[in-house]
Amino acid sequence: MMIRSKFVLALSTALSLSLAGMPVLAQNQDGAAGAGNAPAASSSDAPNTGAVENGPESVPRTTISPAGQGATVETGPAGTAPGEASKAPGKSGPDAWMETTDTWATFNGDLRAQKYSPADQITPENVGKLKKAWEYHTGDVSDGSGDIPTSVWSATPLFVNDTLYLGTPFYRIIALEPDTGEEKWVYDPDAVLEALTQPAMKNRGVAYWQADEPAEGEACQKIVYIGTMDAKLHGVDADTGKPCASFGDNGVVDVNQWNTVNAAWPLSLLQPPTVYHDTLFVGWAGKDWTDSAAPPGTVFALDAQSGELKWMFHALPNDVIERTGTANVWASMSIDPERGLLYIPVSSPSPNYYGGNRKEKLPLATSVTALDTDTGEVVWSRQLVHHDIWDYDTVAPPTLVDIQKDGETVPALVQNSKQGFLYVLNRETGEPIYPIEERDVPASDIEGEQASPTQPWVDTPAPVLPNEFPGISQIADAVAFGGCTDRFEELRYEGKFTPPSTQGTLAFPPTTGGGQWGGGAVDPTSGIYVINANHVAQIYTLIPREDYQQKSQEGETSGYYKQGEVPYGFKLETFLNWAGMPCWKPPYGTIAAYDLKTGDRLWNKPFGQVQKHGFYMPKSWGSVTIGAPVITKSGLIFIGASMDSRVRALDMRTGDVLWRDLVDAPAVSMPAVYTYKGKQYVTFAVGGNTILLPKVSDQVVTYALPE
Amino acid sequence: MASQSRRAGAFGAWLLCLAALVAVVLAALAAFSAGNGIAFTPGSYLVLVTTGLLLLGGLILAFGHHLPRWVVVVMAILVLLDILGTGFAAWLLETNILLAAVAVAGFAWLIYIVIDPARDSRSAIAAGKGA
Numbered sequence: 009m010m011i012r013s014k015f016v017l018a019l020s021t022a023l024s025l026s027l028a029g030m031p032v033l034a035q036n037q038d039g040a041a042g043a044g045n046a047p048a049a050s051s052s053d054a055p056n057t058g059a060v061e062n063g064p065e066s067v068p069r070t071t072i073s074p075a076g077q078g079a080t081v082e083t084g085p086a087g088t089a090p091g092e093a094s095k096a097p098g099k100s101g102p103d104a105w106m107e108t109t110d111t112w113a114t115f116n117g118d119l120r121a122q123k124y125s126p127a128d129q130i131t132p133e134n135v136g137k138l139k140k141a142w143e144y145h146t147g148d149v150s151d152g153s154g155d156i157p158t159s160v161w162s163a164t165p166l167f168v169n170d171t172l173y174l175g176t177p178f179y180r181i182i183a184l185e186p187d188t189g190e191e192k193w194v195y196d197p198d199a200v201l202e203a204l205t206q207p208a209m210k211n212r213g214v215a216y217w218q219a220d221e222p223a224e225g226e227a228c229q230k231i232v233y234i235g236t237m238d239a240k241l242h243g244v245d246a247d248t249g250k251p252c253a254s255f256g257d258n259g260v261v262d263v264n265q266w267n268t269v270n271a272a273w274p275l276s277l278l279q280p281p282t283v284y285h286d287t288l289f290v291g292w293a294g295k296d297w298t299d300s301a302a303p304p305g306t307v308f309a310l311d312a313q314s315g316e317l318k319w320m321f322h323a324l325p326n327d328v329i330e331r332t333g334t335a336n337v338w339a340s341m342s343i344d345p346e347r348g349l350l351y352i353p354v355s356s357p358s359p360n361y362y363g364g365n366r367k368e369k370l371p372l373a374t375s376v377t378a379l380d381t382d383t384g385e386v387v388w389s390r391q392l393v394h395h396d397i398w399d400y401d402t403v404a405p406p407t408l409v410d411i412q413k414d415g416e417t418v419p420a421l422v423q424n425s426k427q428g429f430l431y432v433l434n435r436e437t438g439e440p441i442y443p444i445e446e447r448d449v450p451a452s453d454i455e456g457e458q459a460s461p462t463q464p465w466v467d468t469p470a471p472v473l474p475n476e477f478p479g480i481s482q483i484a485d486a487v488a489f490g491g492c493t494d495r496f497e498e499l500r501y502e503g504k505f506t507p508p509s510t511q512g513t514l515a516f517p518p519t520t521g522g523g524q525w526g527g528g529a530v531d532p533t534s535g536i537y538v539i540n541a542n543h544v545a546q547i548y549t550l551i552p553r554e555d556y557q558q559k560s561q562e563g564e565t566s567g568y569y570k571q572g573e574v575p576y577g578f579k580l581e582t583f584l585n586w587a588g589m590p591c592w593k594p595p596y597g598t599i600a601a602y603d604l605k606t607g608d609r610l611w612n613k614p615f616g617q618v619q620k621h622g623f624y625m626p627k628s629w630g631s632v633t634i635g636a637p638v639i640t641k642s643g644l645i646f647i648g649a650s651m652d653s654r655v656r657a658l659d660m661r662t663g664d665v666l667w668r669d670l671v672d673a674p675a676v677s678m679p680a681v682y683t684y685k686g687k688q689y690v691t692f693a694v695g696g697n698t699i700l701l702p703k704v705s706d707q708v709v710t711y712a713l714p715e
Numbered sequence: 043m044a045s046q047s048r049r050a051g052a053f054g055a056w057l058l059c060l061a062a063l064v065a066v067v068l069a070a071l072a073a074f075s076a077g078n079g080i081a082f083t084p085g086s087y088l089v090l091v092t093t094g095l096l097l098l099g100g101l102i103l104a105f106g107h108h109l110p111r112w113v114v115v116v117m118a119i120l121v122l123l124d125i126l127g128t129g130f131a132a133w134l135l136e137t138n139i140l141l142a143a144v145a146v147a148g149f150a151w152l153i154y155i156v157i158d159p160a161r162d163s164r165s166a167i168a169a170g171k172g173a
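Those protein sequence lines, which keep their order, are chains A and F.
Numbering-wise (my numbering), the first sequence opens with residue 9 and increments by one.
Numbering-wise (my numbering), the second sequence opens with residue 43 and increments by one.
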């Protein structure tokens, strides 16, 4: 009995740990937020015919053009308007400096978001000998007990220019020697350390650019960029850490200057820009749970050297932005460098869980969309969720890879999703490579709401988690004396895409489920795609405005969301029993591999371990994860992400764990794999996330084989 | 034979104390060694407390020959529950070395139970009273 109670105690702790925080995860990861889009009132009133628009005096003149599918693009002084000749003629194909095999030069390793390293020194046979080469602590960490909000650090380290670059959650840039961890320089922007849009100080790292032929001895031929929560984009010399005077205003571009519509909060620059052909592509995050009319989704293209605006892409039609907003891009993006296409994962419109104020077709919301990198025009777009009322933001950059199929090479992309589907599309056209069918889904029973009668559905490849709710956990139900079953019977559940309701709707997967912002990794030679997934059940409850009497609007922590002026507030809660145990059957987190040539799932295994109060739960339960895998040529998968504060190497053929090590907190990021002076290294930024575990860190740890 | 049993029984109790002492040290290391994945967690504090109680229980058994039999029996049961609970917690904490120490304590408890010196002494006392 004592054992049982101990077990139950440990269990409940562990699970409440990971899952009680899921509402926070949803919002944090969604980061959904609005942003500044520049079609100021005058812009939105202007016909989309290429008219020249006079913005506020401080804002340079822009030209507004239709960009396709209701979107618009504003061309800035440094940009090329649709139909114009490119202002950067002669540039085509990938940037040579980014294509070297030894580096990890972007957030996702490369522009195609493959998260793949051709390094093969560390193999499945010798990975067991992997040792810590060095460790560094940035000093930028907060557990929230003082004046600074808690830190959430999900930075990918960049290795390029013979230097390892890191961005911190306090928005400093740190340059380290890649083989020793010795500090080269530090840049401190003296950023505002306040949770202006997110509940925590967040950062996902830095971006790097260099001139095609850097002039010797000239400053800022190579630049490192970091964004801040208050929308400042800093550019510093990559060799010295000194601000680049030619970039913006003495090294700083205030992106918030373009935040002119529904500007309830600043456009937080938590995700580093995507860099291609002397252009920075910048998305933003905010909060889409507080307002109905939020800043509308915008992607900025800035000149990498001057910070001047090239173009601004607006995903929402001008005629709806007085009632809605967001549909922004808060995750990273990918680029096909040969085709000059930018792939953007567009989030859901605001508010997240009620769409009665935005019944129009918003074709770019919750979509994967391809833009012309020169002009910002829509080349193609595919909506993944119609009339999104589940906060199923398209959540990660699509992974670009050529697939050998039926004797042909098909230019493909793989888009993961919160809803669990993997969409495999032709990246030139957006057409499905594996079928996507429109399937009937349940109707909404909410007055004023009109859910889409159908939703896109994918059977191949198999979804990353079951389409159906896995059932009630007998242990959790027993502990709750049947409370889980009783609650389940009260809820509305008619399968995936059951609309939110006033009685409470069981969402499986919910906004925190499926594949998250890290996305997947692919081995381009074998066509094997790997992705981690969260198996989470949450309850969506709409609350009539008159009953919505929360004393405080702490939506990001309490699970209550005001949703602006629409008729319903919202409550998001994870489906737990009184003891904090998940009411659904495990696993809670998995990792799977797919053969993109056939669409077959090769293996699918629980990944990581739930840990609560120090106790580790059974491996068969897996763990909710935040972060992403990377793949090496030798057939290894490196991944942190799990809540048990371990980093692991897996065999790509089987999914078996071949090596693991303990780090200071959950490594909620993706590692960087690089080769320096002939030696392969794997670096993890270990930041922790209180959603997973009340443990944060500032650790940077690098592994290599012993001499 | 009776004296041999007492010696063996004492050995069981003292082995239990020794194992518990080692477990306390290991639990303290687990609780306060930063970077081991479980330091400064409620779970590690819990096993520190339970191993301390195990040591206390072992000492009572080692020195408790003259305690009423029911007290000894209750203590032996509590010690067993402590061993099982601490062992399970150590397993959940994935501290194998602590689990090993607790396993030794369990073995010592078995020695104590199988060769119980108190039984002989109590029988002798009862016989002396003409019971």
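Note that CB positions come from ideal geometry on N, CA and C, so glycine has one too.
Report the three-state DSSP secondary structure of residue i (helix, strand or coil).
i: A/Trp-292; result: coil
i: A/Glu-445; result: strand
i: F/Val-116; result: helix
i: A/Ser-642; result: coil
i: A/Gly-136; result: helix
i: A/Ile-634; result: coil
i: A/Thr-205; result: coil
i: F/Leu-123; result: helix
For residue i, which residues from the same chain have a beta carbon less than 8 Å from its beta carbon, with the 5 sequence-adjacent residues on both sides left out?
i: A/Met-237; result: Tyr-179, Ala-199, Val-200, Glu-202, Ala-203, Leu-204, Thr-205, Gln-206, Met-209, Lys-210, Pro-274, Ser-276, Leu-277, Leu-278
i: A/Glu-498; result: Gln-511, Gly-512
i: A/Ser-5; result: Nothing about residue 5 of chain A can be reported from this structure: the residues present for chain A run from 9 to 715 only.
i: A/Lys-331; result: For the sequence presented, residue 331 of chain A should be read as Arg rather than Lys. Ser-300, Ala-301, Asn-365, Arg-366, listed in sequence order.
From which residue to which residue does the alpha helix (DSSP H) around residue i run?
i: A/Asn-540; result: Taken as a continuous stretch (DSSP letters only), A/Asn-540 belongs to no alpha helix (DSSP H), being part of the beta strand (DSSP E) at 536-542.
i: A/Gln-482; result: 482-487
i: F/Val-89; result: 84-105
i: A/Arg-500; result: Taken as a continuous stretch (DSSP letters only), A/Arg-500 belongs to no alpha helix (DSSP H), as it is neither H nor E.
i: A/Asn-211; result: Here A/Asn-211 belongs to no alpha helix (DSSP H); instead the beta strand (DSSP E) covers 209-213.
i: F/Leu-152; result: 138-156
Just confirm the distance between the C-beta atoms of residue i and residue j, as a whole number of angstroms; I'd bet it's less than 8 Å.
i: A/Met-589; j: A/Ala-515; result: About 18 Å; that fails the 8 Å criterion.
i: A/Gly-78; j: A/Pro-371; result: 6 Å
i: A/Asp-148; j: A/Asp-672; result: Actually they do not touch by this definition, with Cβ atoms about 14 Å apart.
i: A/Ala-183; j: A/Thr-171; result: 5 Å
i: A/Pro-552; j: A/Pro-575; result: 7 Å
i: A/Thr-83; j: A/Ser-73; result: 7 Å
i: A/Leu-580; j: A/Gly-567; result: 5 Å
i: A/Asp-664; j: A/Gln-617; result: About 15 Å separates the two Cβ atoms, so there is no contact after all.
i: A/Trp-112; j: A/Ala-680; result: 4 Å
What is the residue span of the beta strand (DSSP E) that residue i lies within?
i: A/Asp-603; result: 597-603
i: A/Phe-615; result: That residue, A/Phe-615, is in no beta strand (DSSP E); it is neither H nor E in DSSP.
i: A/Asp-196; result: Careful: A/Asp-196 lies outside any beta strand (DSSP E) and carries neither H nor E.
Do residue i and residue j have their CB atoms nearer than 8 Å?
i: A/Asn-169; j: A/Lys-230; result: yes
i: A/Thr-176; j: A/Trp-161; result: yes
i: A/Ile-647; j: A/Met-660; result: no
i: A/Tyr-689; j: A/Ala-246; result: no
i: F/Ala-13; j: F/Thr-93; result: Outside the shown range of chain F, which is 43 to 173, sits residue 13 of chain F, and nothing can be said about it.
i: A/Leu-421; j: A/Leu-408; result: yes
i: A/Arg-435; j: A/Pro-419; result: yes
i: A/Pro-353; j: A/Ala-335; result: no
i: A/Thr-478; j: A/Trp-592; result: Note on identity: in this sequence residue 478 of chain A is Pro, with Thr being the wrong assignment. Yes, they are a contact pair.
i: F/Gly-79; j: A/Leu-138; result: no
i: A/Gly-428; j: A/Leu-473; result: yes
Please go through the same chain and pick out, in chain order, the residues whose beta-carbon is closer than 7 Å to the beta-carbon of residue i, but skip the five residues on each side of it.
i: A/Trp-105; result: Gln-218
i: A/Asp-453; result: Ser-509
i: F/Leu-140; result: Ala-65, Leu-68, Ala-69, Ala-72, Val-89, Ala-132
i: A/Asn-585; result: Ala-484, Val-487, Ala-488, Gly-491, Cys-492, Cys-591
i: A/Arg-447; result: Thr-462, Gln-463, Trp-465
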